Amino acid sequence: MSAFWRAYFGAFCASLVLFGEVLSAGAFAPTSGPVVLLMTFLSGGTEVSFDAALRFSLGLMGAITIGWAVMIYGVMRVAFTLGTQGRALWDAITAGLISWYVIDGICSIATGFALNIIPNTALAAMYLVGITQSGALKR
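For the sequence shown, the working numbering assigns the number 189 to the initial residue and increments by one for each residue that follows.
This is the structure in structure tokens:
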């Protein structure tokens with residue numbers, strides 16, 4: 189895989205880490221400004237109550253998102269090293285991303301945050317462009 193695509197996937201993982209940091213910052217009132225704006229947008233302008241349970245959930249989601257990004261980056265680095273032999277790793281990353289996308293989308297719609305599908309689709313598209321254009325799926 190070319191240096192460009194390695195950097196591209198690095199940027200993909202960095203964007204996940206950044207998003208996780210925004211979510212984690214929502215656990216604390218003084219640093220929750222960005223996530224308040226995000227949640228207000230995703231709710232369609234409905235006021236969101238930032239109580240202790242939501243702050244806990246945001247912190248937890250942020251931590252999981254950061255951990256997910258770090259794990260994906262590590263698996264991608266192994267896949268880069270393996271070259272065409274790393275196809276199974278790319279398949280696993282892709283299956284995980286599709287699983288997240290479907291479940292998150294269903295939950296977003298069911299809870300009144302359907303607009304969350306917009307950034308989710310952008311993230312999934314970023315990954316799918318990389319996976320299809322980089323040659324990572326060649327056998």
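Even glycine gets a Cβ: it sits at the ideal position worked out from N, Cα and C.
Bear in mind that the values here come from a model prediction, so they are computed numbers and not experimental data.
Does residue i come out as helix, strand or coil in the three-state DSSP assignment?
i: valine 236; result: coil
i: threonine 299; result: coil
i: glycine 323; result: coil
i: glycine 221; result: helix
i: serine 287; result: helix
i: methionine 264; result: helix
i: serine 203; result: helix
i: glycine 214; result: coil
i: serine 404; result: Outside the displayed span of the chain (189 to 327) sits residue 404, for which this structure offers no information.
i: methionine 189; result: coil
Determine the contact status of residue i and residue j, defining contact as a CB-CB distance below 9 Å.
i: leucine 230; j: asparagine 304; result: yes
i: isoleucine 281; j: isoleucine 252; result: no
i: leucine 206; j: valine 223; result: no
i: alanine 257; j: leucine 285; result: no
i: phenylalanine 200; j: tyrosine 315; result: yes
Go through its chain and collect everything with a Cβ distance to residue i's Cβ below 7 Å, but skip five positions before and after it.
i: serine 296; result: Ala302, Asn304 and Ile305
i: lysine 326; result: Thr272
i: alanine 213; result: Thr219, Ser220, Pro222 and Val223
Going by beta carbon distance, what residues of the same chain come within less than 6 Å of residue i, once the five residues before and after it are set aside?
i: isoleucine 254; result: Val205 and Gly208
i: arginine 243; result: Ala215
i: glycine 293; result: Ile305
i: alanine 267; result: Gly274, Leu277 and Trp278
i: serine 322; result: Met189 and Trp193
Around the C-beta of residue i, are 16 or more other C-beta atoms found within 10 angstroms, so that it is buried, or is it exposed?
i: leucine 225; result: exposed
i: leucine 270; result: exposed
i: phenylalanine 192; result: exposed
i: glycine 318; result: buried
i: glycine 250; result: buried
i: alanine 283; result: exposed
i: alanine 241; result: exposed
i: alanine 324; result: buried
Stretch-stretch touch, CB-based, cutoff 8 Å, three pairs: the stretch 216 to 233 with the stretch 273 to 280: no
contact_flag[the stretch 229 to 243, the stretch 296 to 313] where n(CB pairs < 8 Å) is 3 or more: yes
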